[in-house]
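Step one of this worksheet: look at the structure below.
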Amino acid sequence: MRSLQTLRAAGIAALLATASTGIASAADMLAPPPPPPMMQAPPPLDVGGGFYLRGDVGTGLYSNSSIRTVPAVAGLRTIDSSIDGTHFIGIGAGYQYNSYLRTDFTAEYRLDAKHRHTDVFTGPPVNSNLITGKVGGFVALANAYVDLGTWHRITPFVGVGAGFATMTMGKTTDYNLTAGGAVGGTGPSKTQTRFAWALHAGVGYDLTQNWKAEAAYRYLRIGDVNGGQVTCAGACPYNVRINSLASHDIKVGLRYAFADMAAPMYAPGPLVRKY
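Read the sequence shown against our numbering and you will find it ends at 338, with the numbers running on by one and no gaps.
Below is the structure:
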């Protein structure tokens, strides 16, 4: 009798052990592994968007110390001179190194602006002349800027630039005012290349992650610009020279930055072992 009870107890224990093992195995089979958690990409280096392209349009108000004829002629003096403003269009490419420093190379075409000056020759004989012409050209600069921080998408900046200006003074015409405005002489166009430098100040505005609008002031120093030799009667031949030509420019433009969006990264799933 005792043996029968012992066998019955052993059978029940074995049955319970088998059932618990089956339940555990079923639980292992039914429970799916947890999904791999999403994790953010590591913060990218502060490269500020990297390469960018730019385009600008603007207007310039020329200034100069004087417009005169060279070589100087005894008894000849300039009594009035002026030069009109101009417009320009430019393109460029650059690189943003970090949140504060960027550089670019720009090239622009400046439309012709009319210049004129009046001189008087004390004689003998007494004579007065109006000399007119046009000046325009091409400017290329390497620029460096410091962005001064961003507030509400607005980024003020300052910068400097250096390069060259290839300026052409077109046909020069000498009108003899004493003779009633008759043409007293003409000179051919002349093209020269000069060292140029610039100072910049402006603001950028973030339109999107990639597009930025810009408005800026620029002081552009070009230097002396000479015209072709004028041949005429009297105090000739001579050349017209615009001394210390500079321009106060206002420009607006757009910049497009090639910024890459970082793709999300996933952590590896948990290690599952089967026994």
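Ideal Cβ positions, reconstructed from N, Cα and C, are used throughout, including at glycine.
Query                                                                                                                                                          : Result
So if DSSP puts Ala322 in a beta bridge, which residue, or which two residues, is it bridged to?                                                               : Looking at the DSSP assignment, Ala322 forms no beta bridge with any residue, so it has no partner.
Do the region 271-280 and the region 230-244 make contact, defined as three or more Cβ pairs closer than 8 angstroms?                                          : no
Between the beta-carbon of Val315 and the beta-carbon of Ala278, is there less than 8 angstroms?                                                               : yes
Within the chosen definition, does the region 196-205 reach the region 174-187 through at least 3 CB pairs nearer than 8 angstroms?                            : yes
Does Asn161 come out as helix, strand or coil in the three-state DSSP assignment?                                                                              : coil
Phe227 to Asn289, Cα distance in whole Å?                                                                                                                      : 16 angstroms
According to DSSP, simplified to helix, strand and coil, what is Leu240?                                                                                       : coil
Pick from Ser128, Leu240, Gly121 and Leu317: whose alpha carbon is nearest that of Asn190?                                                                     : Leu240
Can you tell me the Cα-Cα spacing of Val110 and Pro219, whole angstroms?                                                                                       : Summary for Val110: the model assigns pLDDT 46, below 50, so the residue's position carries little reliability; its value from the coordinates is reported in the next sentence. Looking at the two C-alpha atoms, the distance is approximately 18 angstroms.
For Val293, which beta-bridge partners are listed by DSSP?                                                                                                     : Tyr301
Return helix, strand or coil for Lys234, following the three-state DSSP convention.                                                                            : coil
Keeping to the same chain, check which residues put their C-beta closer than 8 angstroms to that of Ala322; ignore five residues upstream and five downstream. : Gly112, Gly113, Gln272 and Asn273
Beta-carbon within less than 8 angstroms of Val266's beta-carbon, same chain only, minus the 5 sequence neighbours each way: which residues are those?         : Ile217, Thr218, Pro219, Phe220, Glu277, Ala278 and Ala279
Would you say Ala156 and Ala203 are within 8 angstroms of each other, going by their C-beta atoms?                                                             : no
Cβ atoms of Asp287 and Asn23: under 8 angstroms apart, would you say?                                                                                          : With the chain covering only 64 through 338, there is no way to say anything about residue 23.
Compute the distance between the beta-carbons of Cys295 and Asp237, then report whether it is under 8 angstroms.                                               : yes
Could you tell me which whole beta strand (DSSP E) segments of length 3 or greater appear in the region 195-233?                                               : 217-232
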